[in-house]
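Notes for the one structure printed next.
Numbering (the numbering used here), first residue to last: 864 to 1010.
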C-alpha cells in the first residue's frame, strides 16, 4: 500500500510536501508551527513535540527520543541504537499506532542544538531521513519537522 496517492500532489498536503523533500523538513513559509501541528492532528497523525533547544549533549537528545517514542528498556543510548529503534518506529512496532495516519516528530529549537553538536545533528538528520524513507516502504508515515 502506498503511503501517498497522486491526489496528494495536487492537494498541496503538508505531509506529502515533507515526505517528497526527504521526510525531514525545516518549518518555513507561511505555515506556523502551531498551524502545522493542528493540521497534522486533524489528519490523524500522532504529533510528538521534543524541545531540542534544551538538549545539552547527545545523551540528553537520545533520552528525549527514547521517552517520546517509548523505546524499550534495552535501548543502548547511542546513535546506532537510535537508528535501530527508529527502524522499529518505522514499522509501527512502538512510538505510534499503525491505526493512526503516521507520526510527526517536531524538534523545537533544533538550530540551538545544531550549533552545539553539529556532528551529532548530521547523523541525526540522516537517521531520520533514512527511517522516514524506510517507513514509506511499508506505507507508513514517519516525518520530522525541524522548528
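Beta carbons are placed, not taken as given, at the ideal position from N, Cα and C, and that holds for glycine.
Could you tell me whether the Cβ atoms of residue 931 and residue 913 are closer together than 8 Å? Position 68 of the chain shown, counted from the first residue, corresponds to residue 931. Position 50 of the chain shown, counted from the first residue, corresponds to residue 913. Taking C-beta atoms as the reference points, residue 931 and residue 913 count as a pair closer than 8 Å.
With C-beta atoms as the reference, is residue 971 less than 8 Å away from residue 916? Here residue 971 refers to the residue found at position 108 of the chain shown. Here residue 916 refers to the residue found at position 53 of the chain shown. Yes; because the gap between Cβ atoms is below 8 Å, this pair is in contact.
Please state the DSSP three-state secondary structure of residue 964. Taking the chain shown and counting its residues from 1, the one referred to as residue 964 is at position 101. It is coil, neither helix nor strand.
Beta-carbon contacts of residue 910 that lie in its chain and below 6 Å, excluding the five residues immediately before and after: Counting from 1 along the chain shown, the entry for residue 910 is found at position 47. 900, 903, 904 and 967.
Check whether the region 996-1010 touches the region 939-954, counting contact only when three or more Cβ pairs, one atom from each stretch, lie closer than 8 Å. Result yes; three or more Cβ-Cβ pairs closer than 8 Å.
DSSP on residue 913, reduced to helix/strand/coil? The residue labelled residue 913 in the question sits at position 50 within the chain shown. In this structure, DSSP gives residue 913 an extended state, which the three-state scheme calls strand.
Proximity to residue 959 [Cα-Cα], best of 984, 883, 929 and 942: Taking the first residue of the chain shown as position 1, residue 959 is located at position 96. Residue 959 has its Cα closest to that of 929, out of 984, 883, 929 and 942.
Measure from the alpha carbon of residue 1013 to the alpha carbon of each residue in 979, 1007, 1002 and 936, then state which is nearest. What the structure shows of the chain is the stretch from 864 to 1010, and residue 1013 is not part of that stretch, so it cannot be assessed.
Bridge-paired residues (DSSP) for residue 908: Along the chain shown, read from residue 1 onward, the residue named residue 908 stands at position 45. Answer by DSSP bridge pairing, in chain order: 965.
With H, G and I counted as helix, E and B as strand and the rest as coil, what does DSSP make of residue 1007? In the chain shown, residue 1007 corresponds to position 144, counting from 1. Of the three classes helix, strand and coil, the one that applies to residue 1007 here is strand, per DSSP.
Taking all protein chains shown into account, decide if residue 1013 is buried (16 or more other Cβ within 10 angstroms of its Cβ) or exposed. With the chain running from 864 to 1010 in the structure shown, residue 1013 is simply not present.
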